[in-house]
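Novice: Using my numbering, the final residue of the sequence shown is 314, and nothing's skipped along the way.
Glycine included, C-beta positions come from ideal geometry on N, C-alpha and C.
These numbers were taken from a predicted model, which means no experiment stands behind them.
The structure follows.
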Amino acid sequence: MINVQNILFQAGSKEELLPGFTPDFPYIASRAALDKYPGRFVPWHWHRAVELFYMESGALEYETPGGKMLFPAGSGGMVNSNVLHMTRVAAPAKKNSQILHIFDPSLLSGETGSLIDRKYISPLVTAGQIEIIPLFPENPAQVEILKQIRWAFRFSDDKNATFGQEIRLREALSQIWLMLLEQIGPILLKTAEHRKDNDKIKLMMAYIHEHYGEKIAVPELAASAFLSERECFRTFHDCLHMTPAEYIKSYRLQAACRMLLAGQDSVTAIGHACGLGSSSYFGKVFREATGHTPSQYRLKWQNYDKKGLKIL
């Protein structure tokens, strides 16, 4: 299991980059210390891989296009394939630890189009109505699933690898998958339209991630997803619950945070590089968003780094 305190993204998009994720065994286990993340949140992103998680401590809020959900310690759930989501620590002053199984559905299905894929895997990962399957210990039917999610981590420890470990892990994840299918059976039977908005918002997010340092006009942004300006505003509202301008500003601030931590460029240079203009305007916007000046933010998180808490 790897310990993480930051999130990495694929170039030119907001699809999460999963270090150590290989085609021959597409699985990683990680422990995320969310209280150590800069800003104590993970911005909007997605991944083809399925995410099974369990909250060890603290409380975490998940947000998807469908809404928000709070997961306290002892709860868990599954984030479906390619679902846009973001997370934020609900109690910043407390330790916040989450453990995760992240795996490509092909680990369980085998060859695409196989009987197992058609009967058990694809019906769930392609179900647009299912973004997150929440699991809470107060629900007797979900207690055993939470137990199995925690138990399966014993097979993810490379330091104590044993013969047949990969097969045992796949077997454990398959058992969890069957239990989840039993939980959401009635929901799965409901017909759901393909969420074209998800594809469109990802195209516009990718455009912003490539051009955030430049002036971005709404007509150009809408055109990147072959939408009208009106449809552009509606898609941002429905999927991310914000306007295009709010998301552009949010992403520029995220980029500024990365730049402040990655090097020693001046605040003025970073303000222009991330598209937020002069140092005075950049400083004003940054402080409103984070509660710190750019210099204070850099000093705070670089101090964390000196204590051995690597922040990227």
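1. Assuming residue 104 and residue 30 make a contact with CB atoms under 8 angstroms, what is their CB distance in whole Å?
2. Give the DSSP bridge partners of residue 1, in chain order.
3. Under 8 angstroms by Cβ, that's how I've got residue 254 and residue 276 pegged, so tell me the actual separation to the nearest angstrom.
4. Under a Cβ-count criterion, where at least 16 other Cβ atoms within 10 Å of its own Cβ denotes burial, should residue 189 be classed as buried or exposed?
5. Bridge partners for residue 64 per DSSP, in chain order?
6. With distances taken from CA atoms, which of 181, 156, 153 is nearest residue 142?
7. My parser needs the beta strand (DSSP E) runs of 3 or more residues fully inside the region 166-240; what are they?
8. How far does the beta strand (DSSP E) with residue 35 in it extend, from its first residue to its last?
9. Around the C-beta of residue 25, are 16 or more other C-beta atoms found within 10 angstroms, so that it is buried, or is it exposed?
10. Which residues in the same chain as residue 269 place their Cβ atom closer than 6 angstroms to its Cβ, once the five residues preceding and following it in sequence are excluded?
11. When burial is assigned at 16 or more other CB atoms within 10 Å of the CB, is residue 267 buried or exposed?
12. With a threshold of 8 angstroms on Cβ separation, who are the neighbours of residue 82 within its own chain once the five nearest residues in sequence on each side are excluded?
13. Looking at residue 34 and residue 99, is the spacing between their C-beta atoms short of 9 angstroms?
14. Around the C-beta of residue 166, are 16 or more other C-beta atoms found within 10 angstroms, so that it is buried, or is it exposed?
15. Straight-line CA distance for residue 38 to residue 302?
16. Going by DSSP in three states, residue 116 sits in which element: helix, strand or coil?
17. With a cut-off of 8 angstroms on the beta carbons, I'd call residue 60 and residue 86 a contact; round off their distance for me.
18. By how many angstroms is the C-alpha of residue 249 removed from the C-alpha of residue 89?
19. Please confirm whether residue 148 has its beta-carbon closer than 9 angstroms to some beta-carbon of chain B.
20. In terms of residue numbering, what span does the beta strand (DSSP E) encompassing residue 58 cover?
21. Excluding five sequence neighbours on each side, which residues of the same chain lie with their C-beta closer than 8 angstroms to the C-beta of residue 111?
22. Which class does residue 128 belong to by DSSP, given the choice of helix, strand or coil?
23. Nearest by alpha-carbon distance to residue 258: which of 231, 238, 291 is it?
24. Quick test of your reading: residue 54 and residue 151, contact by CB under 8 angstroms. State the CB separation rounded to the nearest angstrom.
Specialist: This is what the structure gives:
1. 5 angstroms
2. An answer regarding residue 1 cannot be provided, because it is not within the stretch 3 to 314 covered by the chain.
3. 5 angstroms
4. exposed
5. 71, 89
6. 181
7. Fully enclosed beta strand (DSSP E) runs of 3 or longer: not present.
8. 29-35
9. By the 10 Å Cβ count, residue 25 comes out exposed.
10. 281, 296
11. exposed
12. 52, 126, 127, 129, 132, 133, 134, 135
13. yes
14. Classification of residue 166: exposed, given that the 10 Å Cβ count is below 16.
15. Rounded to the nearest whole angstrom, the C-alpha separation of residue 38 and residue 302 is 12 angstroms.
16. coil
17. Actually they are not in contact, since the Cβ atoms of residue 60 and residue 86 sit about 23 angstroms apart, beyond 8 angstroms.
18. 16 angstroms
19. Among the protein chains of the structure shown there is no chain B, as only one such chain exists.
20. 52-59
21. 118, 119, 122, 123, 124
22. Looking at residue 128 - three-state DSSP - the assignment turns out to be coil, as it is neither helix nor strand.
23. 291
24. A Cβ-Cβ distance of about 6 angstroms is found for the pair residue 54 and residue 151, placing them in contact under the 8 angstroms criterion.
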